[in-house]
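> Residue numbers (my numbering): 32 to 110. No residue lacks a Cβ here, since even glycine has one placed at the ideal position from N, Cα and C. Mind having a look at this structure? Questions to follow.
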């Protein structure tokens, strides 16, 4: 096994430290991406629930407005 001497005279394996740091970095990035995806998914679900409520309680002309509004909301979420 190859070791590297540090300034303090201790032995350290840089590849192990690098691997651990990369794992932590990837874990943080995945967590951030999951939070963004969850927020977008939650917004889309709310939009669909509101659209279903429009379908239950309003006439066809208002349903058309609700459909257009829902499409706008989904486009904003995807961006």
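#1: For residue 100, I'd like the list of residues in its chain whose CB is within less than 7 Å of its CB, leaving aside the five on either flank, ordered along the chain.
#2: Just how far apart, CA to CA, sit residue 81 and residue 64?
#3: By how many angstroms is the C-alpha of residue 59 removed from the C-alpha of residue 69?
#4: From the beta carbon of residue 73, is the nearest beta carbon of chain B less than 8 Å away?
#5: Report the rounded CA-to-CA distance for residue 52 versus residue 67, giving the unit in angstroms.
A quick look at the data gives this:
#1: none
#2: 26 Å
#3: 15 Å
#4: Looking at the structure shown, chain B is missing, and only one protein chain is on hand.
#5: For the pair residue 52 and residue 67, the Cα-to-Cα distance works out to about 23 Å.
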